[in-house]
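Novice: Pasting a structure below so you can have a look.
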Amino acid sequence: MAGRMFTGAIACATLLSLQAGAQSVTDMAVLRGLSPVTVLSKSEAGRAALGANYTVTGGIQTGELRQPTLWQFAEQQQLALRDVFITRGNLAQLADGLGTTLGAAYVARAHYVDRDTFTSISKPVADVIAYALAAARSSSNSGKYFFANLTTDGKKPVSDEARAIIEKNGGAADMFGKAYGFPAGSAGAGRYGDARPFQTEVSFARIVGRDYFGTPSDNTVYNRGPMMDLINSPSFPSGHTTYGYMGSLLLAVMVPERYGEMIARGAEYGNSRIMVGAHYAMDVLGGRALAYHDMAHLLANDPAYVGQVHKGAPQIGDFRGAVAKAREDVRKVLEAACGKPMAECAREDIGRFSDPAANEAFYASTHTYGLPTVFPRAAAAAVDVNRVAPEAGYLLTVAFPSLTLAQANGILTQTLGPGGGFIDDGSPFGVYSRINLYAASRQAAKVAATR
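Okay, so the sequence shown: first residue is 2 according to my numbering, each after it adds one.
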């Protein structure tokens, strides 16, 4: 039933309330994939990337580095403050990517009543959202303390297998804290490592406005407390960004007529984390790669990812089938509210995502954030997504079912962004840092339209 009310553990869950547990098989895959970040201080190229990460992050946060954002800077700052809250239960805050008409119809039926209570389109929709976000949250939370001080929660050491990841590549934890002069436990840094930008950056812009619920607020109370205390929460990777891209991808595959716009919304949500001073550009890029990777494996019904037990989520053994059912519910409700065919409703947009050229320019500005190449061999290597990460194609085929998996992977290969970035050392996971779903989805839509 549209508008069903939900309360309880799922609604109350936040990134800060869940501590990482022992690393699962899926967590280990992400830790290995992100681990090249731990060796950056060992090479000139890596140190240059760390320096650029600090400079770019500070420039975006203060506004000195102007981006082609979809709103003026002051408006984007206010949105960033609202984006601090996570509408984990129903993705309501991301729904503006659906456009003026469809976004309003979605939020009319799926919204937050207060911080703990929300409505949903239907139970199948709520279930796939809960499962996808819980799966990705496990990976993200596992990485937080692992990369900070090789623990699961700040204190409990990781397994020998997990520790071996860094021992094997010769890396070191607390890469940001050490690089920026705020190692774990030092004055101004947190206890565990990987101090955040609001702790390390010389200049910090305060954003005063209203949060998601209209309460007078600012970004300081959401960084240093009391609303959200991130002082002892390690920075890498960005859990908010992981949520933003996972949620945007779910809405994209359910409403493929707005796929590109939803990817732009995911990029904007990640960028909001930089604007409030909570994360570095590298945190955001790591969160995006993690989200793409985990969603691809979920949609592929990878046995390691489906049928798992996650706190606050139902057990789903056929995730792709569950998404198909949720998609039916979403489209039925939105078309009924609009009173027209979905394609026509999707074009009814006078909001900030109504200009494809602007969307493309903004997404492009966030794809690498201008960070330099770290692994030149990976940058020069030819990559075939169908061979290296074949499950990636499901990110397109679930939305555009007339495409074969090979065709989808061919499109992903053709539209890959620059290689050799700070986590692209040639691994299959590194490919996910290069995938440009904005460009790929537009190409996929054109191919699908001819069938």
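Here a beta-carbon is modelled for each residue, glycine too, at the ideal position from N, C-alpha and C. A quick note: this is a predicted structure, and the numbers were derived from the prediction, not measured.
1) Sort SER187, ALA135, SER143 by Cα distance to SER36 and report the nearest one.
2) With distances taken Cα to Cα, identify the nearest neighbour of VAL389 among PRO402, PRO373, ALA407.
3) Give the straight-line distance between the Cα atoms of THR451 and GLU345, rounded to the nearest whole angstrom.
4) Leaving out the 5 sequence neighbours to the left and right, which residues in its chain are closer than 6 Å to ILE167 when beta-carbon positions are compared?
5) Taking the straight line between their C-alpha atoms, what separation do you get for PHE430 and GLY340?
6) Could you check what DSSP says for GLY22 in three-state terms: helix, strand or coil?
7) Comparing alpha-carbon positions, which option in TYR223, PHE237, LEU438 lies nearest GLY194?
8) Determine the DSSP secondary structure at PHE119, reduced to helix, strand or coil.
9) Taking C-alpha atoms, which residue in ALA253, ALA105, ALA53, GLY60 lies nearest to ALA338?
10) In the DSSP assignment, find the alpha helix (DSSP H) that holds SER249 and state where it starts and stops.
11) The ligand MN and ALA441: does the residue's C-beta get closer than 6 Å to at least one heavy atom of that ligand?
12) How about THR367 and ALA268: are their beta carbons less than 7 Å apart?
13) On the premise that ASP426 lies in contact with ALA379, defined as a C-beta separation below 8 Å, what is that separation, rounded to the nearest angstrom?
14) Considering only the beta carbon of each residue, do PRO69 and PHE354 sit closer than 7 Å?
15) Could you check the C-alpha separation between LEU252 and ALA96 for me, to the nearest Å?
16) Taking the CB atoms as reference points, tell me whether ARG138 and LEU151 lie closer together than 7 Å.
17) In whole angstroms, give me the CA-to-CA distance for ARG443 and ASN170.
18) Using three-state DSSP, classify ALA14 as helix, strand or coil.
19) Measure the alpha-carbon distance for LEU32 versus ASN387 and round it to whole angstroms.
20) How about ALA292 and THR243: are their beta carbons less than 7 Å apart?
21) If we call anything under 7 Å between Cβ atoms a contact, is LEU41 one with ALA50?
22) Where does PRO402 fall in DSSP's three states?
23) If we define contact as Cβ-Cβ less than 7 Å, is TYR281 a contact residue for chain B?
24) Using the C-alpha atoms, what's the distance from SER141 back to GLY155?
25) For ARG110, which option in ALA323, ALA196, ASN91, LEU99 has the closest C-alpha, if you only look at C-alpha atoms?
26) Using only alpha-carbon positions, find the residue among GLN94, GLY100, PHE147, ILE424 that is nearest to SER121.
27) Mapping the DSSP letters down to three states, classify ARG48 as helix, strand or coil.
28) SER249: which of HIS294, ILE264, PHE376, PRO257 sits nearest, CA to CA?
29) Tell me which residues share the same chain as SER204 and place their Cβ nearer than 7 Å to its Cβ, disregarding the 5 neighbours each side in the sequence.
30) Note the first and the last residue of the continuous beta strand (DSSP E) segment covering SER218.
31) For THR216, count the other beta carbons within 10 Å of its own beta carbon; 16 or more makes it buried, fewer makes it exposed. Which is it?
32) Excluding the 5 residues preceding and the 5 following TYR270 in the sequence, name in chain order all residues of the same chain whose CB lies nearer than 6 Å to its CB.
33) Can you tell me which of ALA135, GLY420, ILE87, LEU103 puts its alpha carbon nearest to the alpha carbon of PHE1?
34) Can you tell me the Cα-Cα spacing of GLY240 and VAL209, whole angstroms?
35) Rounded to whole angstroms, what is the Cα-Cα separation between ASP115 and PHE214?
36) Label GLU76 either buried or exposed according to how many other C-beta atoms from any shown protein chain fall within 10 Å of its C-beta, with 16 as the threshold for buried.
Specialist: The answer reads as follows:
1) SER143
2) ALA407
3) 18 Å
4) THR39
5) Straight-line Cα distance between these residues: approximately 42 Å.
6) For GLY22, the pLDDT reaches just 43, beneath the cut-off of 50, and the residue's location in the model is therefore unreliable, although a value from the coordinates is still provided. Coil.
7) PHE237
8) Here DSSP, grouped into helix, strand and coil, assigns PHE119 to strand.
9) Among ALA253, ALA105, ALA53, GLY60, the Cα nearest to that of ALA338 is on ALA105.
10) 240-255
11) Of the ligands one can find in the structure shown there are none, so the ligand MN has no counterpart to examine.
12) yes
13) Yes, ALA379 and ASP426 are in contact; Cβ-Cβ is about 6 Å, under 8 Å.
14) One thing to note: PRO69 has its Cβ no nearer than 7 Å to the Cβ of PHE354.
15) 8 Å
16) no
17) 38 Å
18) With a pLDDT of 33 at ALA14, under the threshold of 50, the predicted position of this residue should be treated as unreliable, though the coordinate-derived value follows. Three-state DSSP puts ALA14 in coil, outside helix and strand.
19) So the alpha carbons of these two residues sit roughly 23 Å apart.
20) yes
21) yes
22) Coil at PRO402, not helix or strand.
23) In summary, chain B is missing from the structure at hand, where a single protein chain is found.
24) 14 Å
25) ASN91
26) GLN94
27) helix
28) ILE264
29) GLY59, THR63
30) Residues 217-219.
31) exposed
32) Same-chain partners within the cutoff: ASP84, GLY245.
33) The structure shown does not extend to residue 1, since the chain is modelled only from 2 through 452, so no value can be given for it.
34) 23 Å
35) Rounded to the nearest angstrom, the two C-alpha atoms are 8 Å apart.
36) By the Cβ neighbour-count rule, GLU76 is exposed, with fewer than 16 other Cβ atoms within 10 Å of its own.
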